[in-house]
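Residue numbers (my numbering): 209 to 272.
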């Protein structure tokens, strides 16, 4: 399988991104919003691993 990951150079508009793939997902609206918040935090903080792949570090209390 070949995957494309977001990197620090991935261009995004100056708003909270909502991936189109989430529209058809059978999950709650709250789960979709939380995914968007985590994605936004990941892109804002720019934490990346040794391969340049972005990741998110969220405390459980911030998610709850």
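Idealized CB from N, CA, C, for every residue including glycine.
Residue from 265, 259, 238 and 241 with nearest C-alpha to residue 159:
Outside the displayed span of the chain (209 to 272) sits residue 159, for which this structure offers no information.
Taking the continuous alpha helix (DSSP H) assigned at residue 248, which residues delimit it?
237 to 253
Taking a contact to mean a Cβ-Cβ separation below 7 Å, would you say residue 244 touches residue 226 in this structure?
yes
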